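Going by numbering that gives the first Met the number 0, the letters in the sequence shown line up with residues 0 to 195, in that order.
Think of the CB as a built atom: it goes at the ideal place given N, C-alpha and C, for glycine as much as any other residue.
Small disclaimer: the values here were computed from a predicted structure and weren't measured.
First comes the structure, then the notes that go with it.
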Amino acid sequence: MGIEGVEKRYALLLACKDSDYVKEVYGGYFNVYVATFGEEGERWDLFRVVEGEFPEMNELGKYDGFVVSGSPFDAYGNEYWIRKLRFLLRILDAMKKKVLGICFGHQVLCRALGGKVGKSGSGWDIGLRKVRIVKDRTPCAFLDDLDDLPPALSIVQCHQDEVWEVPVGAEVIAFQTKQELRCSHRRPHPGHPRPP
Numbered sequence: 000m001g002i003e004g005v006e007k008r009y010a011l012l013l014a015c016k017d018s019d020y021v022k023e024v025y026g027g028y029f030n031v032y033v034a035t036f037g038e039e040g041e042r043w044d045l046f047r048v049v050e051g052e053f054p055e056m057n058e059l060g061k062y063d064g065f066v067v068s069g070s071p072f073d074a075y076g077n078e079y080w081i082r083k084l085r086f087l088l089r090i091l092d093a094m095k096k097k098v099l100g101i102c103f104g105h106q107v108l109c110r111a112l113g114g115k116v117g118k119s120g121s122g123w124d125i126g127l128r129k130v131r132i133v134k135d136r137t138p139c140a141f142l143d144d145l146d147d148l149p150p151a152l153s154i155v156q157c158h159q160d161e162v163w164e165v166p167v168g169a170e171v172i173a174f175q176t177k178q179e180l181r182c183s184h185r186r187p188h189p190g191h192p193r194p195p
């Protein structure tokens, strides 16, 4: 529960379709993301943005935060739903809403806010990779927990796209040598969550 017993509410903006395997084992990616990021007493809503399903603009204020999932699509693509998602992310930024981007979500969020994304010049990056945490960054309350982390973390990655340039006002908080930017201050996350 949130402040004074108010239920916290989050939206998952699902940018991929459920595979048969994920449906059979987990009941869908929605369950994977909620199990990974959700806490007891929260309400989570699902919007399959990859299929054109978006939250209504007049409903955005009801949410404490948004999670943009990974996707097999390119964040630099111009499919209608990706353009609409970028528009939504700009609105959420103007509303100062919390947005967590996972892999594709990280890339499309950076693009929506003026960063540059594209295909990696070194090809696919698949497997367990070391990501280095930037220790000398601008103080920010929600990043304080990063101080307790080791200087490098291993995360699972599977992508061929990368952020080339962060948006104005964003700060790099983690990076990898193959793809220089791995995570920026607006709370995106480049790796893939794994079910508990």
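Cβ pair residue i, residue j closer than 7 Å
i	j	result
A173	I125	no
L12	V49	no
G27	D19	no
R128	D63	no
C15	S70	yes
Per-residue DSSP class, three states only, for residue i
i	result
L13	coil
R226	The requested residue 226 does not occur in the structure, where the chain is confined to residues 0 to 195.
E161	strand
A111	helix
G1	Note that G1 scores a pLDDT of 49, beneath 50, so its modelled location is shaky and nothing firm can be said.
Q156	strand
F65	strand
V116	strand
D19	helix
V130	strand
G76	coil
F174	strand
G100	strand
A217	For the chain, the structure presents residues 0 to 195; residue 217 sits outside this window and is missing.
Close beta carbons around residue i, own chain, < 8 Å, minus the five adjacent residues each side
i	result
V116	A74, Y75, Q106, V107, C109, R110, D160, E161, V162 and W163
S153	L127, R128, K129 and V130
L84	L12, A14, V48, F53, V67, V107 and A111
D92	V98, A111, L112 and R185
K177	The predicted model places K177 with a pLDDT of 47, which falls under 50 and marks its position as unreliable; any figure quoted below should be read in that light. These residues qualify, in order along the chain: S119, S121, D124 and R128.
Proximity winner among the options, relative to residue i (alpha-carbon distances)
i	options	result
L112	L87, Y79, R128 and S119	L87
E170	G122, D147, P150 and G114	G114
P150	E78, Q175, N57 and K96	Q175
K95	F46, F65 and D44	F65
M56	I90, Y79, E23 and W80	I90
Residue i versus residue j: straight-line alpha-carbon distance, rounded
i	j	result
R82	G51	11 Å
F36	G120	32 Å
K118	K61	35 Å
F53	V21	22 Å
E39	E6	10 Å
W123	V155	13 Å
E41	V98	16 Å
N77	F103	14 Å
F72	G168	26 Å
7 Å CB neighbourhood of residue i in its chain, flanking five on each side removed
i	result
L148	I132
P166	C109, L112, G113 and G114
A10	D44, F46, P54, Y62 and F65
W80	V48, V49 and G51
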